[in-house]
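In our numbering, the protein residues as written are 23 to 425.
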């Protein structure tokens, strides 16, 4: 069925529009032992929940890697529980009607129902989450930190597969007014193994039995999207053609604007990206957003909401052979690189959001190509002059050979 933009619809009634805050890869607890960066992931996760309240969404959808560590610290678990209780519980009535069998959707959970149906809880903003590769279930009982939050009644863990070699995905079926959402999810597993299972045609998505074409079909996945080898990723053309929208977690570059699939398949893909930079790579340096997804029957639109508490990350590439500096003129190279860093610090000051919780010290990375006889400068020694100016003064410079 053809999808149309919600903007083309003539003022649909709010009671028929299902709204979702979409985020992924929050990596709570990342760099929590770093004196400068210890609060970064927590502050941005709080901002995400505040945005959910600001937009009065019906639910929050997380695409995996809520936590950075498989065994999060006590602080990470404590602060996550605190923030979820603060922003997601309350007297506000949830407008979502769960019409699928909760024993199927949440059969792996201790409490086999959605948290907002629990008579002992007042859930204002239900969270639905799959697990990622950082917070995947392990051990004899196949549990993760996500399961702890699920048992605590703070989120709904779905998409947990018992058998990686023969996978059946039953959707969480949600209704709001005339809008019907079939939410498919698959928690992270090894890419090579899942790739093989797809090749063997042993991944089956079970569609609703009644009036299957009237449902908006959304799939949340947490796997490699970009190619890391023949079998170390999941090609888009592996996915079912009846899907309307795929939310792709795991990839950290923010490409949240839904784009038509690059495969021959007939769906859109949104890649929200991470909310905290866990590496000094180009993809992490892009502006970070979450999305507010609105669904009306088979139409949808995604509003990009910029995150204002994210630590700024500026990146530059320098080829020393393209400058006027000659090889072995180490002092001139030092001065040139230091001036570049200073100008990037100034740019960060000028583009700061002025949000009280956005850190003032930016992350800066300069990739320096030194081929042609130039010497490598000690990055630690170079960075000492930027203590108190840059958050990562020890690894500002990355020297690379000729590409």
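We put the CB at the ideal spot given by N, CA and C, even for glycine.
Taking residue i as part of the alpha helix (DSSP H), name the residues at either end of that continuous run.
{"i": "residue 354", "result": "352–372"}
{"i": "residue 240", "result": "Looking at the DSSP string, residue 240 is not in any alpha helix (DSSP H); the run it does join, the beta strand (DSSP E), is 238–244."}
{"i": "residue 286", "result": "From DSSP, residue 286 is part of no alpha helix (DSSP H); its letter is neither H nor E."}
{"i": "residue 219", "result": "213–221"}
{"i": "residue 64", "result": "62–76"}
{"i": "residue 405", "result": "401–405"}
According to DSSP, which residues form a beta bridge with residue i?
{"i": "residue 293", "result": "277"}
{"i": "residue 180", "result": "DSSP output for residue 180 lists no bridge partner at all."}
{"i": "residue 202", "result": "197"}
{"i": "residue 225", "result": "189"}
{"i": "residue 391", "result": "341 and 422"}
{"i": "residue 325", "result": "314"}
{"i": "residue 386", "result": "336"}
{"i": "residue 89", "result": "50"}
{"i": "residue 268", "result": "241 and 291"}
{"i": "residue 207", "result": "242"}
{"i": "residue 412", "result": "409"}
Here's the rule I'm using: 16 or more other beta-carbon atoms within 10 Å means buried, otherwise exposed. How should residue i be labelled?
{"i": "residue 24", "result": "Low per-residue confidence applies at residue 24: pLDDT is 43, beneath 50, and the placement is therefore not dependable enough to give any value."}
{"i": "residue 392", "result": "buried"}
{"i": "residue 233", "result": "exposed"}
{"i": "residue 291", "result": "buried"}
{"i": "residue 44", "result": "buried"}
{"i": "residue 373", "result": "exposed"}
{"i": "residue 280", "result": "buried"}
{"i": "residue 296", "result": "buried"}
{"i": "residue 415", "result": "buried"}
{"i": "residue 409", "result": "exposed"}
{"i": "residue 405", "result": "buried"}
{"i": "residue 127", "result": "buried"}
{"i": "residue 196", "result": "buried"}
{"i": "residue 395", "result": "exposed"}
{"i": "residue 286", "result": "exposed"}
{"i": "residue 182", "result": "buried"}
{"i": "residue 298", "result": "buried"}
{"i": "residue 430", "result": "This structure does not reach residue 430, given that the chain is present from 23 up to 425, and the question cannot be answered."}
{"i": "residue 235", "result": "exposed"}
{"i": "residue 33", "result": "exposed"}
{"i": "residue 187", "result": "exposed"}
{"i": "residue 46", "result": "buried"}
{"i": "residue 185", "result": "exposed"}
{"i": "residue 498", "result": "For the chain, the structure presents residues 23 to 425; residue 498 sits outside this window and is missing."}
{"i": "residue 400", "result": "exposed"}
{"i": "residue 316", "result": "buried"}
{"i": "residue 209", "result": "buried"}
Following the continuous beta strand (DSSP E) through residue i, name the residue where it begins and the one where it ends.
{"i": "residue 82", "result": "81–84"}
{"i": "residue 45", "result": "40–45"}
Please tell me whether residue i has its Cβ less than 8 Å away from any Cβ of chain C.
{"i": "residue 49", "result": "The structure shown contains no chain C; it holds only a single protein chain."}
Counting pairs of Cβ atoms below 8 Å between the region 221–229 and the region 62–75, do you hit three or more?
-> no
Inter-stretch contact at 8 Å, needing at least 3 Cβ pairs: the region 204–215 / the region 234–241 | yes
What runs of the alpha helix (DSSP H), each 4 residues or longer, lie entirely inside the region 101–174?
-> 124–127 and 167–173
Counting pairs of Cβ atoms below 8 Å between the region 364–376 and the region 105–118, do you hit three or more?
-> no
Taking three-plus beta-carbon pairs below 8 Å as touching, is the region 71–87 in contact with the region 137–148?
-> yes
Kindly confirm or deny that the region 83–94 and the region 151–165 touch, where touching means at least three C-beta pairs closer than 8 Å.
-> yes
If we count Cβ pairs, one from each stretch, closer than 8 Å, do we get three or more for the region 337–345 versus the region 383–400?
-> yes
Would you call the region 286–300 and the region 264–277 touching, i.e. three or more CB-CB distances under 8 Å?
-> yes
Taking 8 Å as the threshold, find out whether the region 317–334 comes into contact with the region 101–108 through three or more Cβ pairs.
-> no
Is the region 186–193 touching the region 159–166, taking contact as three or more C-beta pairs under 8 Å?
-> no
Contact between the region 241–253 and the region 268–279 (3+ Cβ pairs under 8 Å) = yes
Does the region 347–357 touch the region 39–54, meaning 3 or more C-beta pairs lie closer than 8 Å?
-> no
Are the region 253–262 and the region 299–310 touching, with three or more C-beta to C-beta distances below 8 Å?
-> no
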